[in-house]
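These notes are about the structure you will find just below.
There are 4 protein chains.
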Amino acid sequence: MNLRNEKHSRHWRATLHEIIYGTRTPAGRAFDVILLIVILYSIIIIMLESVEEYDTKYHTFFNISEWIVTILFTIEYIVRIICVKRPKGYILSFYGIIDFLSTIPKYLSFFIVGSQYFAAFRALRLLRVFRIFKLVRFLGESNNLIQAINASRAKIFVFVFSVLVISVILGTVMYLVEGPEHGFDSIPHSIYWTIVTLTTVGYGDITPQTSFGQFISAIIMIIGYGIIAVPTGIVTAEYTMAKGKLDEIDTGRTCESCGAEIHRSDADYCRKCGNKLPDA
Amino acid sequence: MNLRNEKHSRHWRATLHEIIYGTRTPAGRAFDVILLIVILYSIIIIMLESVEEYDTKYHTFFNISEWIVTILFTIEYIVRIICVKRPKGYILSFYGIIDFLSTIPKYLSFFIVGSQYFAAFRALRLLRVFRIFKLVRFLGESNNLIQAINASRAKIFVFVFSVLVISVILGTVMYLVEGPEHGFDSIPHSIYWTIVTLTTVGYGDITPQTSFGQFISAIIMIIGYGIIAVPTGIVTAEYTMAKGKLDEIDTGRTCESCGAEIHRSDADYCRKCGNKLPDA
Amino acid sequence: MNLRNEKHSRHWRATLHEIIYGTRTPAGRAFDVILLIVILYSIIIIMLESVEEYDTKYHTFFNISEWIVTILFTIEYIVRIICVKRPKGYILSFYGIIDFLSTIPKYLSFFIVGSQYFAAFRALRLLRVFRIFKLVRFLGESNNLIQAINASRAKIFVFVFSVLVISVILGTVMYLVEGPEHGFDSIPHSIYWTIVTLTTVGYGDITPQTSFGQFISAIIMIIGYGIIAVPTGIVTAEYTMAKGKLDEIDTGRTCESCGAEIHRSDADYCRKCGNKLPDA
Amino acid sequence: MNLRNEKHSRHWRATLHEIIYGTRTPAGRAFDVILLIVILYSIIIIMLESVEEYDTKYHTFFNISEWIVTILFTIEYIVRIICVKRPKGYILSFYGIIDFLSTIPKYLSFFIVGSQYFAAFRALRLLRVFRIFKLVRFLGESNNLIQAINASRAKIFVFVFSVLVISVILGTVMYLVEGPEHGFDSIPHSIYWTIVTLTTVGYGDITPQTSFGQFISAIIMIIGYGIIAVPTGIVTAEYTMAKGKLDEIDTGRTCESCGAEIHRSDADYCRKCGNKLPDA
Chain C
1 MNLRNEKHSR
11 HWRATLHEII
21 YGTRTPAGRA
31 FDVILLIVIL
41 YSIIIIMLES
51 VEEYDTKYHT
61 FFNISEWIVT
71 ILFTIEYIVR
81 IICVKRPKGY
91 ILSFYGIIDF
101 LSTIPKYLSF
111 FIVGSQYFAA
121 FRALRLLRVF
131 RIFKLVRFLG
141 ESNNLIQAIN
151 ASRAKIFVFV
161 FSVLVISVIL
171 GTVMYLVEGP
181 EHGFDSIPHS
191 IYWTIVTLTT
201 VGYGDITPQT
211 SFGQFISAII
221 MIIGYGIIAV
231 PTGIVTAEYT
241 MAKGKLDEID
251 TGRTCESCGA
261 EIHRSDADYC
271 RKCGNKLPDA
Chain D
1 MNLRNEKHSR
11 HWRATLHEII
21 YGTRTPAGRA
31 FDVILLIVIL
41 YSIIIIMLES
51 VEEYDTKYHT
61 FFNISEWIVT
71 ILFTIEYIVR
81 IICVKRPKGY
91 ILSFYGIIDF
101 LSTIPKYLSF
111 FIVGSQYFAA
121 FRALRLLRVF
131 RIFKLVRFLG
141 ESNNLIQAIN
151 ASRAKIFVFV
161 FSVLVISVIL
171 GTVMYLVEGP
181 EHGFDSIPHS
191 IYWTIVTLTT
201 VGYGDITPQT
211 SFGQFISAII
221 MIIGYGIIAV
231 PTGIVTAEYT
241 MAKGKLDEID
251 TGRTCESCGA
261 EIHRSDADYC
271 RKCGNKLPDA
Chain E
1 MNLRNEKHSR
11 HWRATLHEII
21 YGTRTPAGRA
31 FDVILLIVIL
41 YSIIIIMLES
51 VEEYDTKYHT
61 FFNISEWIVT
71 ILFTIEYIVR
81 IICVKRPKGY
91 ILSFYGIIDF
101 LSTIPKYLSF
111 FIVGSQYFAA
121 FRALRLLRVF
131 RIFKLVRFLG
141 ESNNLIQAIN
151 ASRAKIFVFV
161 FSVLVISVIL
171 GTVMYLVEGP
181 EHGFDSIPHS
191 IYWTIVTLTT
201 VGYGDITPQT
211 SFGQFISAII
221 MIIGYGIIAV
231 PTGIVTAEYT
241 MAKGKLDEID
251 TGRTCESCGA
261 EIHRSDADYC
271 RKCGNKLPDA
Chain S
1 MNLRNEKHSR
11 HWRATLHEII
21 YGTRTPAGRA
31 FDVILLIVIL
41 YSIIIIMLES
51 VEEYDTKYHT
61 FFNISEWIVT
71 ILFTIEYIVR
81 IICVKRPKGY
91 ILSFYGIIDF
101 LSTIPKYLSF
111 FIVGSQYFAA
121 FRALRLLRVF
131 RIFKLVRFLG
141 ESNNLIQAIN
151 ASRAKIFVFV
161 FSVLVISVIL
171 GTVMYLVEGP
181 EHGFDSIPHS
191 IYWTIVTLTT
201 VGYGDITPQT
211 SFGQFISAII
221 MIIGYGIIAV
231 PTGIVTAEYT
241 MAKGKLDEID
251 TGRTCESCGA
261 EIHRSDADYC
271 RKCGNKLPDA
């Protein structure tokens with residue numbers, strides 16, 4: 001009878017697992033869509049709350065909305081832990097942490113009282129924006145974009161590092177050429193300006209005033225305009241190559257033990273926890 | 001005799017169809033060029049009308065011009081419906097709707113009177129700008145660019161979505177760091193600023209004032225500068241692949257029944273309505 | 001004797017042709033380098049002349065310099081016509097016209113007197129900036145870049161046209177949304193703003209003030225940020241393909257008759273005038 | 001005994017060479033990491049020193065820090081010279097010069113006294129920023145990025161040159177169209193503006209005010225937006241090709257004689273000084 005009970009419990013958990021983590025059954029899809037809507041709703045609420053005009057008018061409504069969302073997220077978080085075989089794997093995973101951080105801020109606002117903590121408290125509340133990461137799960141992971149970027153990660157790092165080295169040197173040169181009287185009041189501030197120019201953002205809050213400064217600026221701009229070719233070249237080359245390999249990737253299966261998604265078509269065991277994967 | 005009449009009518013409609021939808025006979029080409037000129041003329045009129053200086057001087061001329069263009073477009077629209085075998089197919093097609101929206105605003109200005117509707121009425125008039133879409137037909141569809149972009153549509157969407165997620169998170173962070181006193185007066189406004197920075201537009205209407213804000217800004221800029229590589233990599237890869245396949249596409253033939261253009265060289269029937277296509 | 005004279009003249013012209021048009025003899029290379037220096041010198045003079053501070057101080061020096069450069073260019077232009085077999089071919093060629101426009105302005109300043117023509121006269125003088133195009137000859141033509149861009153010319157045109165269509169539509173929408181009170185004072189001005197935003201330039205002289213306007217702006221920016229992938233994809237694909245073909249191109253030979261440069265390695269006759277080419 | 005001594009000395013120098021130039025032994029890696037930290041520390045000190053607020057507070061601390069760093073760099077520089085077989089090769093190499101320039105400024109501040117040299121002296125001190133180049137050694141050289149950029153150097157130069165030619169011509173045109181009253185007060189200044197626009201930086205410190213000026217600006221923007229495709233296309237094509245060839249490059253070995261890094265896997269002798277390389 002114990003065995004039967006366990007079997008029943010196992011069946012019950014498997015069904016719940018399919019609904020929450022899976023996307024292949026109608027119930028699983030419905031759950032994902034509802035979750036998506038709730039996440040989007042909560043983000044919109046946070047955004048509108050920050051607009052003083054709306055916050056004055058609808059403060060109570062925003063507050064109640066946030067409590068409802070927080071309770072829904074709490075239930076979801078607990079159920080996610082229950083129906084996974086190895087809860088630790090989920091809790092310490094990227095989405096486990098995000099789910100936790102999405103749920104906690106409103107509760108913290110309950111315990112931490114006092115006007116002096118107000119600013120910090122708002123910051124914690126806003127962490128719930130990270131709920132949006134849940135959205136990425138539905139669209140992002142099933143895509144080979146991330147793999148292509150991963151492949152060129154090392155080269156992109158060298159590129160970004162080189163851009164920073166150039167920025168430090170040119171920022172220092174510009175600090176010496178223009179000086180504090182034209183807005184280049186310190187080397188860090190001057191480096192900020194160089195990055196603004198090199199990435200072709202060009203706010204125009206600080207601009208070179210001397211002829212020589214404008215000459216160097218023009219060089220920085222042309223460098224920035226030219227070297228954008230480098231990351232593009234890398235990603236294009238890697239992406240073209242990744243395309244072939246990624247055809248073998250299977251995005252339909254989810255590990256029942258730790259919730260990891262995306263496995264190779266020929267994989268029999270989860271690449272994260274080593275658990276047996278369901279058949280394709 | 002009825003049969004002969006129908007045959008005559010059919011011949012008459014086929015000729016008209018060839019002139020209006022086709023681009024292979026001298027008459028068809030002449031029609032297209034004249035239509036092109038009329039569309040361009042009407043757009044220039046709308047533009048100049050919006051400049052107060054010119055509107056005061058040449059108001060009557062602009063008004064008459066618009067009526068002439070509207071009448072020409074009305075005739076064209078009716079003839080298009082008559083000479084197509086299945087008018088419904090044309091009316092509900094993309095260009096059918098655009099053609100209708102290009103024609104209607106001036107008539108609406110006739111029925112809807114009263115100063116209170118003035119603003120809305122102007123908006124409707126300006127919809128005629130969409131006439132310009134007719135131009136795209138001559139240049140755009142015969143080109144394999146659109147197919148290449150279509151192939152990478154899903155990935156571009158994931159990319160744009162990721163950019164939005166990053167913008168929401170970084171916008172919120174910047175709202176907390178800089179705050180309303182430096183122009184970041186709400187999260188939506190702060191997200192707007194993040195998009196301005198991430199896409200390297202950089203208006204400079206809002207700029208970070210604190211050191212930490214400038215540091216985060218620099219990171220946003222470098223992210224924006226780097227991730228442009230992603231859509232470029234996708235489109236380049238897709239375009240290179242699409243080029244081979246698209247050589248088989250035939251752009252010369254137009255379906256006599258629904259007006260659909262662009263078919264595969266080996267196609268015998270319209271991909272939209274299934275009607276027999278003319279011989280290549 | 002007549003024959004011998006002609007033979008002598010022919011030999012003399014061939015040598016001069018080699019010096020002026022060729023780049024393979026030491027004399028030819030020396031001529032090119034000197035010409036390059038004179039062109040650069042004349043451009044720098046024009047630039048400095050426009051700076052009021054320098055013009056007040058060194059007006060006479062600038063004036064004499066320009067006369068010397070103009071006389072040198074006149075001699076060069078005449079010699080170029082003399083030593084080419086078919087002068088008409090050279091005069092009507094791209095560089096022939098540029099050479100003429102580089103020489104003429106200073107002479108025109110001599111005939112057209114009167115303070116009222118002063119502004120126009122300056123404009124003519126500045127046309128000499130086009131001398132710089134001569135520089136391109138040394139670096140540009142011998143490069144396969146131009147061929148790659150030529151191959152994708154049609155597609156780039158469709159792209160630019162599409163960008164313009166989008167700009168017209170979105171510019172009109174922004175004119176309606178923001179209106180003259182926020183700087184969008186006419187449709188042409190609003191289209192200018194849209195191009196500033198779409199190309200990610202972002203001056204910030206006009207910025208959206210309403211929430212809805214900022215929302216549309218954000219969309220325009222993301223469109224602009226994304227579609228840059230299109231021309232890049234085209235050029236990359238074309239360039240990769242052009243690279244293979246261009247290896248067969250021979251840049252060393254110049255037509256003795258019309259002065260056309262760059263011919264295929266296996267070409268025996270000039271692709272412009274049909275004259276027999278010198279042996280490789 | 002002399003031989004034995006020399007052998008001993010040779011062994012001692014080889015070990016030191018391995019520690020300082022090599023990255024394969026634990027001691028070599030530790031040295032590199034410590035050097036990295038010292039370089040970063042010295043750069044941060046220079047940056048903070050330029051912020052007036054911090055310099056007032058911690059002037060003595062900054063001064064002592066700089067002396068310690070300078071002494072460490074001096075020792076390192078001397079040891080580098082000692083343990084290399086051909087010191088001249090190292091001293092005249094790129095990193096040899098950088099190492100020297102990183103060490104010298106603080107000493108110069110000792111000999112050159114007097115408030116009148118203050119500005120120049122600061123400039124010399126700031127040259128130590130070039131120490132950062134040492135960082136590049138660890139990340140940059142072992143990467144095939146630099147080779148890919150080298151391969152397309154000539155084409156990138158032609159591209160940059162063409163951009164400059166376009167900038168000179170369009171800058172002159174804009175100077176004539178807008179004139180000094182709208183901020184285009186000289187041709188060099190106008191060229192600066194054109195580069196700001198063409199590279200899509202767009203500060204907005206100078207903006208066109210006339211309709212015709214805005215029309216030309218829009219054209220410049222679209223040119224700038226389009227031609228970015230050119231360097232990207234070049235680098236992508238070159239990078240894809242370079243990838244194959246670069247697999248044969250071995251980054252692990254360092255020449256014991258001149259300190260040159262990166263050699264082909266099948267190389268037996270240093271590509272710089274011809275000395276026998278250690279076995280792979």
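Order-wise, the sequence lines are chains C, D, E and S.
When you line the first sequence up against the UniProt record's numbering, it's residues 1 to 280, in that order.
When you line the second sequence up against the UniProt record's numbering, it's residues 1 to 280, in that order.
When you line the third sequence up against the UniProt record's numbering, it's residues 1 to 280, in that order.
When you line the fourth sequence up against the UniProt record's numbering, it's residues 1 to 280, in that order.
C-beta atoms are modelled at their ideal positions from N, C-alpha and C, and glycine is treated no differently.
Computed from a predicted structure; not experimentally measured.
### Query
Are ILE20(D) and PHE31(D) touching if we call contact CB-CB under 8 Å?
Counting from 1 along the second sequence, the entry for residue 20(D) is found at position 20. Counting from 1 along the second sequence, the entry for residue 31(D) is found at position 31. Yes, they are a contact pair.
### Task
Give the residues of chain E in contact with GLY226(S), contact being defined as C-beta atoms less than 7 Å apart.
For the purposes of this step, residue 226(S) is taken as residue 226 along the fourth sequence, with counting starting at 1. Per Cβ cutoff of 7 Å: ILE156, VAL160 and PRO231.
### Message
Three or more C-beta pairs under 8 Å: does that hold for the segment 175 to 185 of chain C against the segment 178 to 190 of chain D?
### Response
Output reads no: the segment 178 to 190 of chain D does not touch the segment 175 to 185 of chain C.
### Task
Classify VAL69(S) as buried or exposed, calling it buried when 16 or more other Cβ atoms lie within 10 Å of its own Cβ.
Residue 69(S) sits at position 69 when you count from the first residue of the fourth sequence. Buried is the call here.
### Task
For THR199(E), count neighbouring Cβ atoms within 10 angstroms of its own Cβ and tell me buried if that reaches 16, exposed if not.
On the third sequence, position 199 is the one that residue 199(E) refers to. Counting the other Cβ atoms within 10 Å of the Cβ of THR199(E) gives 16 or more, which makes it buried.
#### Entry: Neighbouring residues, chain E, relative to THR200(C) (Cβ below 8 Å)
Against the first sequence, residue 200(C) aligns to sequence position 200. Here the neighbours are THR200.
### Query
Beta-carbon separation of VAL201(D) and GLY171(E) under 8 Å?
Reading the second sequence from its first residue, position 201 is the one you call residue 201(D). Reading the third sequence from its first residue, position 171 is the one you call residue 171(E). No, the Cβ-Cβ distance between VAL201(D) and GLY171(E) is not below 8 Å.
### Message
Whole angstroms are fine: how far does the CA of PHE73(D) sit from the CA of SER102(D)?
### Response
The count along the second sequence starts at 1 and reaches residue 102(D) at position 102. The count along the second sequence starts at 1 and reaches residue 73(D) at position 73. Taking the straight line joining both Cα atoms gives about 8 Å.
### Message
If I follow the unbroken alpha helix (DSSP H) through VAL79(D), where does it start and stop?
### Response
In the second sequence, counting from the first residue as 1, residue 79(D) sits at position 79. Unbroken alpha helix (DSSP H) run through VAL79(D): 52 to 83.
### Task
Give a yes or no on whether the C-beta atoms belonging to SER217(C) and THR197(C) are separated by under 8 Å.
Locating residue 217(C) in the first sequence gives position 217, counting from the first residue. Locating residue 197(C) in the first sequence gives position 197, counting from the first residue. Contact flag set, yes.
### Message
Can you pull the chain S neighbours of THR236(D), defined as C-beta to C-beta under 8 Å?
### Response
On the second sequence, residue 236(D) is found 236 positions in, with the first residue counted as 1. Simply THR236.
### Query
Can you tell me whether GLU66(C) is buried or exposed, with buried defined as 16 or more other CB within 10 angstroms of its CB?
If you number the first sequence from 1, residue 66(C) lands on position 66. Burial call: buried.
### Query
If you draw a straight line from the C-alpha of SER152(E) to the C-alpha of THR194(C), how long is it?
Stepping through the third sequence from its first residue, residue 152(E) is reached at position 152. Stepping through the first sequence from its first residue, residue 194(C) is reached at position 194. Annotation: SER152(E) to THR194(C) spans about 34 Å, alpha carbon to alpha carbon.
### Query
In chain S, what lies closer than 8 Å to THR207(C) by C-beta?
For the purposes of this step, residue 207(C) is identified with residue 207 of the first sequence, where counting begins at 1. Neighbours of THR207(C) on chain S, chain order: TYR203 and ASP205.
### Query
For the alpha helix (DSSP H) that THR194(S) lies in, which residues bound it at each end?
Position 194 of the fourth sequence, counted from the first residue, corresponds to residue 194(S). That run of the alpha helix (DSSP H) goes 187 to 198.
### Query
What does VAL69(C) reach in chain D if we use C-beta pairs closer than 9 Å?
The count along the first sequence starts at 1 and reaches residue 69(C) at position 69. By Cβ distance, chain D contributes nothing, its closest Cβ being about 16 Å from VAL69(C), past 9 Å.
### Message
Please tell me whether ILE234(D) and ILE156(D) are closer than 8 Å, where the distance is taken between their beta carbons.
### Response
Indexing the second sequence from 1 puts residue 234(D) at position 234. Indexing the second sequence from 1 puts residue 156(D) at position 156. Contact flag set, yes.
### Query
Per DSSP, what kind of secondary structure is SER152(S) in: helix, strand or coil?
Start at 1 with the first residue of the fourth sequence, and residue 152(S) comes out as number 152. The answer is coil: DSSP assigns SER152(S) none of H, G, I, E or B.
### Message
Within the continuous alpha helix (DSSP H) that includes ILE228(C), where are the two ends?
### Response
Here residue 228(C) is taken as the residue at index 228 of the first sequence, counted from 1. First-last for ILE228(C): undefined, no H or E at that position.
### Query
At a Cβ threshold of 8 Å, is ARG196(C) touching chain D?
The residue labelled residue 196(C) in the question sits at position 196 within the first sequence. Here the sequence assigns Val to residue 196(C), which means Arg is not the residue at that position. Yes, VAL196(C) counts as interfacial toward chain D.
### Task
With ILE91(E) as the anchor, note down where its alpha helix (DSSP H) starts and where it stops.
Numbered from its first residue, the third sequence carries residue 91(E) at position 91. First-last of the alpha helix (DSSP H) with ILE91(E): 87 to 91.
### Query
By DSSP, does ASP205(C) sit in helix, in strand, or in coil?
For the purposes of this step, residue 205(C) is taken as residue 205 along the first sequence, with counting starting at 1. Coil.
### Cβ-based burial, GLU18(C) [other Cβ within 10 Å; buried from 16]
Translated into the one-based positions of the first sequence, residue 18(C) becomes position 18. When all chains shown are included, GLU18(C) counts as buried.
### Message
With a threshold of 8 Å between beta-carbons, can ILE222(S) be considered close to chain C, or not?
### Response
The residue labelled residue 222(S) in the question sits at position 222 within the fourth sequence. By this cut-off, ILE222(S) is not an interface position.
### Message
Within 10 Å of its beta-carbon, does PHE130(C) have 16 or more other beta-carbons around it, so buried, or fewer, so exposed?
### Response
Residue 130(C) sits at position 130 when you count from the first residue of the first sequence. Residue confidence is low: PHE130(C) scores 47 on pLDDT, short of 50, so the model does not pin down where it sits. Its coordinate-derived value is still stated next. By the 10 Å Cβ count, PHE130(C) comes out buried.
### Query
What do you reckon, are the CB atoms on VAL84(D) and TYR77(D) nearer than 8 Å?
Here residue 84(D) is taken as the residue at index 84 of the second sequence, counted from 1. Here residue 77(D) is taken as the residue at index 77 of the second sequence, counted from 1. The answer is no: Cβ separation not under 8 Å.
### Message
Can you check whether the C-beta of VAL33(S) is within less than 8 Å of a C-beta belonging to chain C?
### Response
As a working note, residue 33(S) is residue 33 in the fourth sequence. Closer than 8 Å: no.
### Task
Determine the direct distance from the alpha carbon of LEU16(E) to that of LEU36(E), and round the result to whole angstroms.
Translated into positions along the third sequence, residue 36(E) becomes position 36. Translated into positions along the third sequence, residue 16(E) becomes position 16. Going from the Cα of LEU36(E) to the Cα of LEU16(E) covers about 18 Å.
### Task
Examine chain S for any beta-carbon lying closer than 8 Å to the beta-carbon of PRO87(C), and answer yes or no.
Walking along the first sequence from the start, residue 87(C) turns up at place 87. It does not; no Cβ of chain S falls within 8 Å.
### Message
Please return the same chain residues whose Cβ sits closer than 8 Å to the Cβ of LEU48(E), not counting the five positions on each side in sequence.
### Response
In the third sequence, counting from the first residue as 1, residue 48(E) sits at position 48. For LEU48(E), where only same-chain residues beyond five positions count, the Cβ hits under 8 Å are TYR54, ASP55, TYR58 and PHE62.
### Task
Identify, in the order they occur along the chain, each residue of the same chain with its Cβ nearer than 8 Å to the Cβ of ILE82(E), setting aside the five sequence neighbours on each side.
Position 82 of the third sequence, counted from the start, is the residue given in the question as residue 82(E). Closer than 8 Å at the Cβ level, and outside the excluded window around ILE82(E), lie ARG13 and LEU16.
### Query
Which same chain residues, not among the five before or five after HIS11(E), have their C-beta less than 8 Å away from its C-beta?
As a position in the third sequence, residue 11(E) is number 11, starting the count at 1. Closer than 8 Å at the Cβ level, and outside the excluded window around HIS11(E), lies no residue.
#### Entry: Option in VAL33(D), GLN209(D), ILE46(D) and VAL168(D) with minimal Cα separation from ILE191(E)
Looking up residue 191(E) in the third sequence gives position 191. It is ILE46(D).
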